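Structure record follows, encoded as structure tokens.
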Amino acid sequence: MNSPNRGEESPKEEPDRDKDAAEESESKRLLPSQSPSPSSDDENEVAFESREKVVIVDLETPESILNVDYVPPFSWKKLWLFTGPGFLMSIAFLDPGNLEGDLQAGAIAGYSLLWLLMWATVMGLLIQLLSARVGVATGRHLAELCREEYPTWARLVLWFMAELALIGADIQEVIGSAIAIQILSNGALPLWAGVLITASDCFVFLFLENYGVRKLEAVFAVLIATMALAFAWMFGDTKPNGKELLIGILVPRLGSKTIRQAVGVVGCVIMPHNVFLHSALVQSRDIDPKKRGRVQEALNYYTIESSVALLVSFMINLFVTTVFAKGFYSTKQANNIGLVNAGQYLEEKYGGGLFPILYIWGIGLLAAGQSSTITGTYAGQFIMGGFLNLRLKKWLRALITRSFAIVPTIVVALVFNTSEASLDILNEWLNVLQSIQIPFALIPLLTLVSKEHVMGVFRIGPTLEKLAWTVAALVIVINGYLLLDFFVSEVKGLLFGLFICIWTAAYIAFIVYLISRGGALPSTWFSIELSKRFSADGT
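All letters in the sequence shown, in the order written, are residues 1 to 539 by UniProt numbering.
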């Protein structure tokens with residue numbers, strides 16, 4: 001029997017090679033497009049350099065080497081290595097703006113909105129998990145993907161909107177820190193001095209970042225623990241009604257007098273800059289994107305970690321809401337209480353003692369303000385770098401993003417320093433500013449996470465896609481109600497009213513463009529609706 005020539009393949013080898021080629025082709029099709037190679041790091045903005053990433057140590061087995069779909073078994077050690085990004089993300093649920101929403105909900109609505117706080121946190125968790133999914137599966141964060149997905153003019157509009165949202169959130173956070181410093185200094189330091197002290201946090205951030213991601217995450221863990229201890233102490237000190245608390249969590253109640261607070265509770269959950277931030281933070285772990293099993297493993301650990309982080313944030317928000325529900329519900333002060341005078345009201349209600357509640361509140365508020373301003377600086381770097389593909393030194397980029405918020409905040413502190421009512425009005429305008437930006441973070445996220453050429457096998461399925469769009473639509477509608485209610489009460493004068501109408505038309509037109517361009521809404525919705533109409537016509 002003649003042996004085959006050297007250049008020819010045996011009949012047995014040929015099908016095997018065809019099969020391998022087909023499997024390789026299918027693998028390339030199903031894997032998402034990946035981040036640039038290390039050699040191109042100098043040309044493109046990346047969230048974390050290779051040397052900065054946390055290495056996930058694992059024991060290689062023959063199965064894990066040969067099978068790209070192999071998902072290693074659960075490990076507590078690995079969960080610890082993946083723990084960090086979710087807790088940094090959760091700080092946006094605990095910033096001074098959220099705390100003000102909590103205390104006002106408690107003072108005006110009592111325990112009745114605790115169920116909404118819980119479900120709003122669950123909705124926020126869903127959105128943040130999708131953000132993490134995009135970052136892990138693609139190796140790029142949301143701002144980078146938007147840069148590639150949209151034309152230049154739309155990308156610049158999205159960047160401008162994201163920066164506006166970040167500035168609005170940062171002003172609230174810096175003012176919150178400044179109020180806390182004023183409380184803890186017994187009024188010796190005015191608001192503007194507190195703003196300048198808080199502004200220095202960007203240099204603290206740069207100092208900590210030089211020591212590695214894990215050191216930075218440890219600092220945030222300390223700040224979150226400080227908040228938890230401070231507000232838990234207040235909770236134990238005021239002794240809220242346990243029965244009313246459980247009823248508030250388990251029994252949905254909503255009255256006409258509490259609708260504004262309910263809208264505020266839901267509106268505070270989705271922070272536009274936080275959606276961009278989480279997709280970048282998850283890239284701080286060294287994950288091989290070519291191995292689908294490793295990507296799935298990372299998603300599993302990030303789901304656990306983010307869920308625990310938001311459970312902690314829910315408990316902290318619960319403490320604040322119930323403390324003010326216990327102390328101020330159905331009182332004369334209920335409608336006047338805000339972040340500026342909350343400490344004073346607490347002191348009048350509960351007095352001093354070994355650890356005066358005023359200073360405990362100040363410590364918790366300072367931890368919330370400081371942690372959220374530093375994460376705001378972090379988010380600003382990713383947003384600016386991702387949308388504009390800037391390759392700047394970290395200190396320069398942090399200084400630029402910090403200045404965007406600090407300069408207007410100092411102006412605000414000087415103008416509104418003596419007036420509590422003015423600060424409350426300012427806070428309402430800042431809430432409106434952030435509410436306006438929500439669609440410009442949610443729509444790109446849900447568009448990209450649903451696309452196979454972006455996500456590969458990790459694109460979300462039809463059921464999750466419908467659920468995500470339902471949650472997004474609910475959040476957008478609720479914030480739309482807030483905007484409508486605000487403009488109806490605040491907009492006066494024909495010229496200003498005309499400007500608002502023109503701006504609203506342009507705003508809606510851009511949202512429609514984002515949805516239509518990406519084919520964003522689940523196609524099955526349209527196909528089901530069309531089939532219903534055709535069947536109706538046929539009958």
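We put the beta carbon where it would ideally sit given N, CA and C, even for glycine. Note that the structure is a prediction, hence the values are computed from the model and not measured.
With a cut-off of 8 Å on Cβ pairs, the segment 317 to 327 is in contact with the segment 104 to 116, counting three or more such pairs. Look at Val54 here: in three-state DSSP terms it is strand. Counting only the Cα atoms, Tyr350 lies some 43 Å from Phe382. Assigned with DSSP and collapsed to three states, Arg391 falls in coil, not helix or strand.
A Cβ-Cβ separation of about 6 Å places Met118 in contact with Phe314 under the 8 Å criterion. Here DSSP, grouped into helix, strand and coil, assigns Arg140 to coil. The C-alpha of Asp237 is placed about 32 Å away from the C-alpha of Gly376. If you ignore the 5 residues before and after Glu100, its C-beta comes within less than 7 Å of the C-beta of Gly338, Leu339 and Asn427, all in its own chain and listed in chain order. If you compare the alpha carbons of Leu467, Thr83 and Ile406 with that of Ala218, the shortest gap goes to Thr83.
DSSP places Asp102 within a helical segment (H, G or I) once states are collapsed to three.
A Cβ-Cβ distance of about 41 Å is found for the pair Ala367 and Thr152, leaving them out of contact under the 8 Å criterion. A straight line joining the alpha-carbon of Phe87 with that of Leu311 spans about 10 Å.
Contact fails between the segment 390 to 405 and the segment 123 to 132, because fewer than three Cβ pairs, one in each stretch, are under 8 Å apart. Proximity of the segment 499 to 515 to the segment 288 to 298 falls short of the contact definition, fewer than three beta-carbon pairs being nearer than 8 Å. Apart from the 5 residues on each side of it in sequence, Leu254 sits with its Cβ closer than 7 Å to the Cβ of Ala262 in its chain, given in chain order.
According to DSSP, Asp286 shares a beta bridge with Val55. One Cα belongs to Ile181, the other to Arg147, and the distance between them is close to 39 Å. Judged by pairs of C-beta atoms under 8 Å, the segment 152 to 171 touches the segment 434 to 448, as three or more such pairs exist. Rounded to the nearest whole angstrom, the C-alpha separation of Thr463 and Trp469 is 10 Å.
A distance of 8 Å or more separates the beta carbons of Arg214 and Ile56. In this structure, Thr373 and Glu173 form a Cβ contact; the two beta carbons are roughly 5 Å apart against a cut-off of 8 Å. Here Lys77 is not near Tyr301, since their CB atoms are 8 Å or more apart. When rounded, the separation of the alpha-carbon atoms in Gln370 and Thr198 is 7 Å. For the pair Ala230 and Gly176, the Cα-to-Cα distance works out to about 16 Å. Between the segment 270 to 285 and the segment 136 to 146 there are three or more inter-stretch CB-CB distances shorter than 8 Å, so the stretches are counted as touching. The beta carbons of Tyr359 and Leu184 sit about 6 Å from each other, so the pair counts as a contact at 8 Å. Annotation for Gly327: the continuous alpha helix (DSSP H) segment containing it runs Arg292 to Phe328. 8 Å or more divides the Cβ of Ser90 from the Cβ of Val275. Straight-line spacing of the CA atoms in Lys53 and Ile511 works out to 36 Å. Assignment of alpha helix (DSSP H) within the segment 176 to 232, counting only whole runs of 4 or more residues, yields 191 to 199 and 201 to 209 in chain order. DSSP places Met455 within a helical segment (H, G or I) once states are collapsed to three. Only residues of its own chain outside the window of five on either side were considered, and among them Ile438, Pro439 and Leu442 have a CB closer than 8 Å to the CB of Ile476, listed in chain order. DSSP, reduced to helix, strand and coil, places Phe93 within a helical segment of the structure shown.
With a threshold of 16 other beta carbon atoms within 10 Å, Leu103 meets it and is buried. Leaving aside the five residues that flank Phe205 on each side, the residues in its chain whose CB is nearer than 8 Å to its CB run, in chain order, Leu216, Ile374, Thr377, Tyr378 and Ala398. Proximity to Asn341 across Leu365, Tyr513 and Val407 peaks at Leu365, based on C-alpha coordinates.
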